[in-house]
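Residue numbers (the numbering used here), protein chains in the order written: chain A, 60 to 255; chain B, 226 to 480. Note that CB positions come from ideal geometry on N, CA and C, so glycine has one too. Quick caveat: nothing in here was measured; it's all calculated off a predicted structure.
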């Protein structure tokens with residue numbers, strides 16, 4: 060049984076949603092929410108922004124937004140982690156565009172990530188195991204994407220580039236880029252069924 | 226636009242690659258189309274797989290403390306809002322108004338202080354300037370002050386200068402009149418011709434105004450008995466160690 064299939068069949072891998080309790084003002088639930096997802100969101104923000112200082116600021120903004128807007132979360136529309144990721148990614152891209160940190164991103168990320176090994180990881184053992192298994196499954200799904208499709212999607216998702224900017228960066232016609240992204244997203248959407 | 230086209234937009238929108246117009250038209254359409262709304266939500270969820278693949282990086286502990294602190298304090302504020310009696314709201318409004326008034330007062334006072342400090346600085350500079358002038362006048366007005374007239378020479382017959390020399394303070398002020406304008410690459414240089422030394426000693430470098438006048442002060446003069454004469458030459462800008470020309474513009478000796 061592959062990881063995706065395991066995720067689909069094992070109910071223990073779907074953690075209890077914390078956002079309803081957070082919406083009710085439960086600070087403990089909010090702290091649990093932070094412990095469960097902060098490492099994932101922080102990694103995403105470092106990937107987008109390329110430096111830890113900006114990533115920490117946007118991580119704080121993301122959780123404050125989650126705290127004040129938890130009532131807006133609709134489980135029918137998507138998962139808890141996807142909701143948080145969408146907030147973090149959106150704010151990260153806004154910060155990236157406003158501060159124009161693109162040029163320093165790779166160097167700083169490489170340097171600063173090396174410092175984080177001493178930080179406290181409060182993610183519970185169960186959550187860590189779940190997230191680790193999910194990550195393996197996600198990687199399996201993403202590995203099925205052709206490089207060209209994945210590259211176009213990553214430029215849009217992590218760097219906030221528009222279709223035309225991606226076409227320019229890759230020296231490809233706009234139509235080709237749109238088709239690649241559309242095909243890539245379709246495959247990801249198909250694989251998504253395995254994670255629900 | 227058909228459903229398939231909206232689905233394409235949804236795929237691009239999920240990674241932020243749809244145009245603003247496409248995103249708006251998708252949002253409007255999804256309001257009334259369950260299938261496209263579902264597709265949009267599924268694509269949005271699918272895009273997050275790109276983030277979920279990354280190796281997690283634990284943030285520093287202080288970020289957690291800060292965020293938890295914000296949540297706790299906002300709960301306290303919310304609780305206070307829930308139970309605030311009407312008079313507390315009025316008191317808060319009054320407090321804010323007074324606080325704002327106080328802030329404005331402080332700002333006005335700060336601006337006034339800054340203006341006064343600038344005036345004090347200006348007055349202090351003026352005082353220093355006047356003190357320097359008074360000192361010069363004291364040199365001129367002293368009973369012991371000696372006056373030496375320097376006469377125009379062949380280079381500038383109409384030029385002249387008057388030296389007020391205070392032997393006690395070993396200081397002098399020299400006023401020059403009707404001197405020819407010095408070129409920009411040249412300066413006038415005043416020399417003291419001494420009885421105890423074979424070479425002249427520089428007493429200062431100066432430029433003249435458009436009307437040909439100038440004033441210079443000389444400190445640490447040689448003792449009176451050693452001064453034989455004073456003379457001015459034109460030298461390269463900044464002056465020279467010794468006169469480079471033998472032609473004087475003004476010159477005069479001790480009587």
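Could you give the C-beta distance for residue 375 of chain B and residue 385 of chain B, rounded to a whole number, given that I count them as a contact under 8 Å?
-> Position 150 of the second chain, counted from the first residue, corresponds to residue 375 of chain B. Position 160 of the second chain, counted from the first residue, corresponds to residue 385 of chain B. Confirmed, Cβ separation roughly 6 Å.
What is the residue span of the beta strand (DSSP E) that residue 79 of chain A lies within?
-> Within the first chain, numbered from 1, the residue matching residue 79 of chain A stands at position 20. Taken as a continuous stretch (DSSP letters only), residue 79 of chain A belongs to no beta strand (DSSP E), being part of the alpha helix (DSSP H) at 78 to 82.
Residue 99 of chain A: first and last residue of the uninterrupted alpha helix (DSSP H) it sits in | In the first chain, counting from the first residue as 1, residue 99 of chain A sits at position 40. Unbroken alpha helix (DSSP H) run through residue 99 of chain A: 86 to 108.
Using a Cβ-Cβ cut-off of 7 Å, state whether residue 161 of chain A counts as contacting chain B.
-> On the first chain, position 102 is the one that residue 161 of chain A refers to. Reliability of the predicted coordinates at residue 161 of chain A is poor, the pLDDT of 49 falling under 50, and the value obtained from them is presented with this limitation in mind. Chain B, which has no Cβ nearer than 7 Å to the Cβ of residue 161 of chain A, makes this no.
Does the distance from the CB of residue 418 of chain B to the CB of residue 371 of chain B come in under 7 Å?
-> Mapped onto the second chain, residue 418 of chain B falls at position 193. Mapped onto the second chain, residue 371 of chain B falls at position 146. It is not a contact, given that the beta carbons lie outside the stated cut-off.
Below-7 Å beta-carbon distance, residue 271 of chain B vs any chain A residue | Along the second chain, one-based indexing puts residue 271 of chain B at 46. By this cut-off, residue 271 of chain B is an interface position.
Count the C-beta pairs between the region 244 to 261 of chain B and the region 198 to 216 of chain A that are closer than 8 Å, then say yes if the count reaches three, no if not.
-> no
Output, in sequence order along the chain, the residues in the region 279 to 294 of chain B whose CB is closer than 9 Å to any CB in chain A.
-> 279, 280, 281, 282, 283, 284, 285, 286, 287, 288, 289, 291, 292 and 293
Residue 266 of chain B at chain A interface by Cβ criterion, 7 Å = Your numbering for residue 266 of chain B matches position 41 in the second chain. Output row for residue 266 of chain B: interface = yes.
Do residue 199 of chain A and residue 266 of chain B have their C-beta atoms closer together than 7 Å?
-> In the first chain, residue 199 of chain A corresponds to position 140, counting from 1. In the second chain, residue 266 of chain B corresponds to position 41, counting from 1. No; because the gap between Cβ atoms is not below 7 Å, this pair is not in contact.
Rounded to a whole number of angstroms, what is the C-alpha to C-alpha distance between residue 401 of chain B and residue 421 of chain B?
-> Position 176 of the second chain holds residue 401 of chain B. Position 196 of the second chain holds residue 421 of chain B. Approximately 26 Å, taken between the alpha carbons.
Which residues share a DSSP beta bridge with residue 426 of chain B?
-> Reading the second chain from its first residue, position 201 is the one you call residue 426 of chain B. Beta-bridge pairing links residue 426 of chain B to B/417.
Sequence-distant residues of the same chain with beta carbon closer than 7 Å to residue 326 of chain B, five excluded per side | In the second chain, counting from the first residue as 1, residue 326 of chain B sits at position 101. None.
For residue 385 of chain B, which three-state DSSP category applies?
-> Numbered from 1 along the second chain, position 160 holds the residue referred to as residue 385 of chain B. Residue state, collapsed to three classes: strand.
Beta carbon of residue 240 of chain B nearer than 7 Å to that of residue 264 of chain B = Taking the second chain and counting its residues from 1, one reaches residue 240 of chain B at position 15. Taking the second chain and counting its residues from 1, one reaches residue 264 of chain B at position 39. No, the Cβ-Cβ distance between residue 240 of chain B and residue 264 of chain B is not below 7 Å.
Helix, strand or coil at residue 470 of chain B [DSSP, three-state] = The residue given as residue 470 of chain B occupies position 245 in the second chain. Of the three classes helix, strand and coil, the one that applies to residue 470 of chain B here is coil, per DSSP.
Quick one: using the 10 Å Cβ neighbour count with 16 as the cut-off for buried, is residue 110 of chain A buried or exposed?
-> Stepping through the first chain from its first residue, residue 110 of chain A is reached at position 51. It counts as buried.
Counting Cβ pairs closer than 8 Å, one from the region 430 to 439 of chain B and one from the region 402 to 416 of chain B, do we hit at least three?
-> yes
Cβ separation of residue 411 of chain B and residue 380 of chain B, assumed to be a contact under 8 Å, to the nearest whole Å | Taking the second chain and counting its residues from 1, one reaches residue 411 of chain B at position 186. Taking the second chain and counting its residues from 1, one reaches residue 380 of chain B at position 155. Their Cβ separation, rounded to whole angstroms, is 12 Å, which puts residue 411 of chain B and residue 380 of chain B out of contact at 8 Å.
Does the region 279 to 292 of chain B come close enough to the region 137 to 155 of chain A to have 3 or more Cβ pairs within less than 8 Å?
-> no
Which stretch, first to last residue, makes up the beta strand (DSSP E) that contains residue 439 of chain B?
-> Sequence index remark: in the second chain, residue 439 of chain B carries index 214 (1-based). Where residue 439 of chain B is concerned, the enclosing beta strand (DSSP E) stretches over 439 to 443.
Beta-carbon proximity of residue 108 of chain A to residue 155 of chain A, cut-off 7 Å = Numbered from 1 along the first chain, position 49 holds the residue referred to as residue 108 of chain A. Numbered from 1 along the first chain, position 96 holds the residue referred to as residue 155 of chain A. Contact flag set, yes.
Of all Cβ atoms in chain A, is any one closer than 7 Å to the Cβ of residue 251 of chain B?
-> Mapped onto the second chain, residue 251 of chain B falls at position 26. Closer than 7 Å: no.
Classify residue 459 of chain B as helix, strand or coil using the three-state DSSP reduction.
-> Sequence index remark: in the second chain, residue 459 of chain B carries index 234 (1-based). Looking at residue 459 of chain B - three-state DSSP - the assignment turns out to be strand.
Neighbourhood of residue 441 of chain B by C-beta, 7 Å cutoff - its chain only, sequence neighbours within 5 removed | To locate residue 441 of chain B, count along the second chain from 1; it is residue 216. Only 399, 415, 429 and 431 meet the Cβ criterion.
Chain A partners of residue 239 of chain B, CB-CB under 8 Å?
-> Your numbering for residue 239 of chain B matches position 14 in the second chain. What residue 239 of chain B touches in chain A: 244.
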